[in-house]
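2 protein chains.
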Amino acid sequence: MAPRKNQILSTALEIADEFGLDAVTMRAVANRVGITPMALYRHVEDKEALLDGMLELAMSEVPAPPADLGWEARLTELAGGVRDMARRHPAAIGLAFSRPGYTPGVRRLVGAIHEAFADAGVPERHRARLERMVSTFVVGFAVSEVSGRFPHDQAEGLAREFARDLRDLMGVVRAVATED
Amino acid sequence: MAPRKNQILSTALEIADEFGLDAVTMRAVANRVGITPMALYRHVEDKEALLDGMLELAMSEVPAPPADLGWEARLTELAGGVRDMARRHPAAIGLAFSRPGYTPGVRRLVGAIHEAFADAGVPERHRARLERMVSTFVVGFAVSEVSGRFPHDQAEGLAREFARDLRDLMGVVRAVATED
DNA sequence: TGTATACGTCTACCGTGTATACATGGCACC
DNA sequence: GGTGCCATGTATACACGGTAGACGTATACA
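Those sequence lines, one after another, are chains A and B.
Just so we're aligned, residue 1 is where the first sequence starts under UniProt numbering, counting upward by one.
Just so we're aligned, residue 1 is where the second sequence starts under UniProt numbering, counting upward by one.
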């Protein structure tokens with residue numbers, strides 16, 4: 001990606017992290033980059049595209065799980081990576097449910113999930129469904145946690161809760177893999 | 001609730017349904033109600049509160065499941081009710097993940113879920129967790145479906161997929177209920 | 001009859017995204 | 001070496017959004 005565009009997107013992400021989504025205005029981003037608001041339009045279609053790019057940048061931070069792990073550990077790592085990213089970028093992750101879901105960044109994660117399911121022995125015809133189910137839960141949990149939909153008071157408990165939920169979902173995967 | 005406030009919130013919901021969330025401006029709502037934009041502030045704190053109220057109104061449309069059904073059927077009904085509501089109010093449901101989650105409307109649904117878990121024999125200490133897990137999935141699925149995060153092409157297939165996902169989650173509930 | 005209270009209006013302001021027109025500077029190419 | 005092009009940035013301006021503040025008016029109740 002062009003370096004200037006990258007700088008613009010990371011600047012937007014910084015502002016979102018520090019001051020929330022509402023603070024991400026064209027003027028604020030331009031200011032921080034050191035250019036005029038209108039100059040942003042040389043690099044970004046419009047504000048919607050800027051936010052999309054910002055989310056995509058955040059998504060790209062989620063690490064790919066080590067290939068030498070078993071499928072279950074890989075999925076757990078992946079999910080943890082999404083959750084960690086959400087906690088780093090609470091404002092950005094909120095966009096995950098309102099923007100189109102077929103960007104390269106998410107396709108990368110979806111692909112990794114599919115591979116894990118294949119290794120687990122999930123029949124082909126169930127993989128897409130289970131991927132949507134698991135990713136919906138993972139992203140939903142991450143968003144809920146940082147947006148206040150979940151109670152804040154026992155915040156550290158949520159890490160354990162997330163882990164336990166994942167274990168339960170792995171059970172579903174295993175069950176589907178061994179049925180019929 | 002005061003009738004005027006109710007009228008304002010349903011008008012906002014109508015506009016959101018017809019033209020999307022961006023079309024819900026103070027001026028547009030006021031216009032449709034037949035009053036001045038500033039008059040809205042006699043009934044609603046500010047725009048954020050108006051959107052909160054709009055979501056709450058949509059939530060209140062989700063029917064309580066018939067009490068004579070078994071716990072599993074009640075949960076399925078409840079989840080289906082949420083999904084149906086989301087399809088009726090695609091713009092409003094998008095707010096579900098970004099607004100505080102302890103309104104009367106959602107507490108009602110959360111309460112129903114807890115009761116179902118109690119009937120299922122889920123130990124007390126697991127109920128809150130499983131409620132968050134299931135509701136996160138249900139709302140996440142509903143939002144994904146109407147927001148375009150899921151592919152639109154096989155839209156009717158999503159009803160079946162939702163049902164199957166729920167069955168798998170019921171399996172988790174049953175497993176937790178019978179463990180130790 | 002007077003007065004408080006609920007509801008509504010008018011005007012105005014500032015912050016937003018962005019269209020349009022204009023500058024400039026480096027690079028390719030003759 | 002000149003010359004023209006293209007990428008990048010700027011200046012100005014507009015329409016639209018939320019909402020503050022001052023002002024009306026009618027109904028209920030003393």
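Every residue, glycine too, gets a C-beta built ideally from N, C-alpha and C.
Residues of chain B with a Cβ closer than 7 Å to the Cβ of residue 178(A) do not exist, since the nearest Cβ in that chain sits about 13 Å away.
Taken through DSSP and simplified to helix, strand or coil, residue 147(B) comes out as helix.
Residue 84(A) and residue 60(B) have their C-alpha atoms roughly 33 Å apart.
Using a Cβ-Cβ cut-off of 8 Å, residue 144(A) is close to 97, 101, 132 and 136 of chain B, given in chain order. Using a 10 angstroms sphere on the CB of residue 133(A), the tally of other CB atoms reaches 16 or more, which defines it as buried.
In this structure, 42(B) is the residue among 42(B), 20(B), 19(B) and 165(B) with its C-alpha nearest to the C-alpha of residue 8(B). For residue 129(B), the C-beta contacts it makes with chain A under 8 Å involve 161, 164 and 165, in order along the chain. Chain-order list of chain A residues neighbouring residue 171(B): 172 and 175, by C-beta distance under 7 Å.
For residue 18(B), the secondary structure class from DSSP, reduced to helix, strand or coil, is helix. When secondary structure is reduced to three states using DSSP, residue 157(A) falls in the helix class. Out of 144(B), 44(B) and 26(B), the CA that lies nearest to the CA of residue 91(B) is found in 144(B). Under a 10 Å Cβ-count criterion, residue 58(A) is classified as buried, with 16 or more other Cβ atoms of the shown protein chains found around its own Cβ. For residue 94(B), there is no enclosing alpha helix (DSSP H), since its DSSP letter is neither H nor E.
Residues of the UniProt domain "HTH tetR-type" (2-62) of chain B with a C-beta atom less than 7 Å from some C-beta of chain A do not occur. The Cβ-Cβ distance between residue 29(A) and residue 16(A) does not fall below 7 Å. Annotation: residue 105(B) has no Cβ neighbours in chain A at a cutoff of 9 Å; minimum Cβ distance is about 13 Å. If you draw a 10 Å sphere on the C-beta of residue 131(A), you find 16 or more other C-beta atoms in it, and that means buried. Between residue 116(A) and residue 74(A) a beta carbon distance of about 5 Å is seen, short of the 8 Å cut, so the two are scored as contacting.
With fewer than 16 neighbouring CB atoms inside 10 Å of its own CB, residue 180(A) falls in the exposed class.
Not a single C-beta of chain B is nearer than 7 Å to the C-beta of residue 68(A). When DSSP states are grouped into helix, strand and coil, residue 2(B) belongs to the coil group.
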